[in-house]
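Participant: Okay, here's the structure, questions in a sec.
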Amino acid sequence: MEYSNVNNSNKKMGLVVGELIIGLFMIFDIYLFMTKVELAPRLLAGGSFVLLLGLFIFGLKKINNIEK
1 MEYSNVNNSN
11 KKMGLVVGEL
21 IIGLFMIFDI
31 YLFMTKVELA
41 PRLLAGGSFV
51 LLLGLFIFGL
61 KKINNIEK
């Protein structure tokens, strides 16, 4: 019984670390989008932000679904 609680805690911690990494990438994408660079990097930053936002939302839902 105790062993399964440890596994759920480890899963949750791994997802939280992953969410932090995705969040950092999203902050960098916003910074890159706001700077005065060429059009292509700004489009790539905008597209990757949208995809990372989808991953971020999916990860938050996954964290909430793990049993406490």
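Residue 1 is where the sequence shown starts when you use the UniProt record's numbering, and the numbers rise one by one after that. Don't be surprised by glycine CBs; every beta carbon is placed ideally from N, CA and C. These figures come from a predicted structure and were not determined experimentally.
1) What would DSSP say about Ile66, mapped onto helix, strand or coil?
2) Counting beta carbon pairs with one atom in the stretch 11–23 and one in the stretch 33–41, are three or more of them shorter than 8 angstroms?
3) When the Cα of Leu53 is compared with those of Ile27, Arg42, Tyr31, which residue comes out closest?
4) Where does Val17 sit, in a helix, a strand or coil, going by DSSP?
5) Residues in the same chain with beta-carbon distance under 8 angstroms from Gly46, minus the five sequence neighbours each way, listed in chain order, please.
Facilitator: Inspection of the coordinates gives the following:
1) coil
2) Pairwise C-beta distances place the stretch 33–41 out of contact with the stretch 11–23, as fewer than three of them are shorter than 8 angstroms.
3) Ile27
4) Val17 falls in the helix class under three-state DSSP.
5) Asp29, Phe33
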